[in-house]
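*Asks:* Every position in the sequence shown, counted from 1, becomes a number in our numbering once 180 is added.
Glycine included, each C-beta is placed from N, C-alpha and C at the ideal position.
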Amino acid sequence: MRCFGTFGPVYPDINYIVSRSEELADYINRVQQGRYVVLFAPRQTGKTTFFRNALDVLEADSDLYLPIHLNFEGYVDTDADTFYPSLCREICSHITDTLQKRKKNPSDELLHFMENARVINSVSMREFFENLGALLQNQRFTIIIDEFDGIPSDALRGFLHTLRQIYLSNIRIKCPYSVGIVGVKNIIQLNYDRSISPFNIQDEFKLFNFTLAQVDELYSQYTEETGQILIPDVINAIHKQTAGQPFLVNRFGQILTDELEIPKSETIQMHHFNKAHKQILKERNTNISHLITNIRRDPRFEKLLMRITFYEGRRRFNLDDEIISELATYGIIKEDELGMCQIHNPIYLQRILQLLQPSIKGHKEQQSHFK
Ligand SMILES: Nc1ncnc2c1ncn2[C@@H]1O[C@H](COP(=O)(O)OP(=O)(O)OP(=O)(O)O)[C@@H](O)[C@H]1O
Ligand SMILES: [Mg+2]
Numbered sequence: 181m182r183c184f185g186t187f188g189p190v191y192p193d194i195n196y197i198v199s200r201s202e203e204l205a206d207y208i209n210r211v212q213q214g215r216y217v218v219l220f221a222p223r224q225t226g227k228t229t230f231f232r233n234a235l236d237v238l239e240a241d242s243d244l245y246l247p248i249h250l251n252f253e254g255y256v257d258t259d260a261d262t263f264y265p266s267l268c269r270e271i272c273s274h275i276t277d278t279l280q281k282r283k284k285n286p287s288d289e290l291l292h293f294m295e296n297a298r299v300i301n302s303v304s305m306r307e308f309f310e311n312l313g314a315l316l317q318n319q320r321f322t323i324i325i326d327e328f329d330g331i332p333s334d335a336l337r338g339f340l341h342t343l344r345q346i347y348l349s350n351i352r353i354k355c356p357y358s359v360g361i362v363g364v365k366n367i368i369q370l371n372y373d374r375s376i377s378p379f380n381i382q383d384e385f386k387l388f389n390f391t392l393a394q395v396d397e398l399y400s401q402y403t404e405e406t407g408q409i410l411i412p413d414v415i416n417a418i419h420k421q422t423a424g425q426p427f428l429v430n431r432f433g434q435i436l437t438d439e440l441e442i443p444k445s446e447t448i449q450m451h452h453f454n455k456a457h458k459q460i461l462k463e464r465n466t467n468i469s470h471l472i473t474n475i476r477r478d479p480r481f482e483k484l485l486m487r488i489t490f491y492e493g494r495r496r497f498n499l500d501d502e503i504i505s506e507l508a509t510y511g512i513i514k515e516d517e518l519g520m521c522q523i524h525n526p527i528y529l530q531r532i533l534q535l536l537q538p539s540i541k542g543h544k545e546q547q548s549h550f551k
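(1) Can you find the residues in the same chain that come closer than 7 Å, C-beta to C-beta, to E405, ignoring five residues on each side of it along the sequence?
(2) Give the C-beta separation of D326 and H249 to the nearest angstrom, bearing in mind that I take them to be a contact with Cβ-Cβ under 8 Å.
(3) In angstroms with no decimal places, state the Cα-to-Cα distance between D334 and I435.
(4) Quick check on N209 - is its C-beta less than 8 Å from some C-beta in chain B?
(5) Just to confirm, does K365 get its C-beta within under 7 Å of one of the non-hydrogen atoms of ligand 2?
(6) With a Cβ-Cβ cutoff of 8 Å, do L535 and I472 count as a contact?
(7) Say the cut is 7 Å; is the CB of A221 nearer than that to a heavy atom of ligand 1?
(8) If you draw a straight line from the alpha carbon of P526 to that of Q421, how long is it in whole angstroms?
(9) Can you tell me whether T228 sits near ligand 2, meaning its C-beta is under 7 Å from at least one heavy atom of the ligand?
(10) Shorter than 7 Å, the distance from the beta carbon of D326 to the closest heavy atom of ligand 2, or not?
(11) Is DSSP giving E446 helix, strand or coil here?
(12) Report yes if the C-beta distance between K227 and L387 is below 8 Å; otherwise report no.
(13) For E506, count the other beta carbons within 10 Å of its own beta carbon; 16 or more makes it buried, fewer makes it exposed. Which is it?
(14) Using a Cβ-Cβ cut-off of 7 Å (strictly less than) and excluding sequence neighbours within five positions of C297, which residues of its own chain qualify?
(15) Is F388 near ligand 1, with its Cβ less than 7 Å from a heavy atom?
(16) In angstroms with no decimal places, state the Cα-to-Cα distance between R531 and R431.
(17) My guess is that Q401 and Y196 are in contact by the Cβ rule of under 8 Å, so how many angstroms apart are they, rounded?
(18) Is it right to say M450 is buried, meaning 16 or more other beta carbons lie within 10 angstroms of its own, or is it exposed?
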């Protein structure tokens, strides 16, 4: 029997999973067109799961695509001198792995090239890709880079510059043919000059939270496998309380279908939901820990959140405002229908109220003291 997953990416053979088929088709379409795509989304929104699925689709098309998945998380405390040679080794080893999965051997030329390849900076990276492209011929070499924010700051500019040169070159099949970069910080926070980037603003890819239909898709898989029914009110309430935040949607699933030990013969009702809800409002799970850590990053975050939550102080959702932009990047606030700042979901709102309660009390006491 599968289960709801909350620990990192989810896999269809062990977890219930939202297929995100429309988003997937959109992304694959961009790859087919050889686009360079960026996706920056808050933690635990399903970025890694999504791109793993995209790789599976591309891997299945072995005549056309040679896809690899890189992760820059490990480079976070390194510099360009460490980054480039290691990147080169990683790319070569991923190519070998992908070919092995396809039960294909690299040609002698490709093998020789990979054994002798040396990349030490952005210039040699460009040569590396040019030579690799010539050897791969018509295969479309596609790279997805997870945790892109980990790139050493002294490598960022040269890396993007080189990709831009390749992107703008008039080679018929560029190498890499398509690049997807995935991270948490947004473009502004990565602090690079847009004019050197190959990633167009219109090619920013959005991964939205789950819709009500997607939450239903997820829980229907559970019902199909176990026979246990959740009444529609419960599904609606899960969607409403989480605003479709993927981790929280699954966390409800874990509590309702496992931790509360409700017999499988019983229908899951609103009183069960209320119990699960209570638990989520008090437990420290990884998603809530991220929320609290992010709020504590900067005293100005608390100030703005206090205004939004306690003082009815409506603030226009203006992404040119650095604080608003950062809180939106972390998935803490979003824009409401009237263009104002709103806490992302009711669970975050409750947790923020609990977190800021002592500050607000202190603030009020201070005010009365000075009266
Ligand atoms: N397609 C999906 N179907 C069901 N649940 C999902 C799906 N994608 C993500 N989730 C939920 O979100 C959680 C995080 O998924 P994933 O690790 O893919 O996200 P991420 O955005 O890469 O996270 P991080 O920012 O921590 O790297 C999963 O453990 C699961 O609870
Ligand atoms: Mg991830």
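*Replies:* So, to answer that:
(1) M181, R182
(2) 7 Å
(3) 45 Å
(4) In the structure shown, chain B cannot be found, because there is only a single protein chain.
(5) no
(6) yes
(7) yes
(8) 5 Å
(9) yes
(10) yes
(11) coil
(12) yes
(13) buried
(14) A small fix is needed here, since residue 297 is Ala in this sequence, not Cys. The answer, listed in chain order, is C268, C272, F308.
(15) no
(16) 15 Å
(17) 4 Å
(18) exposed
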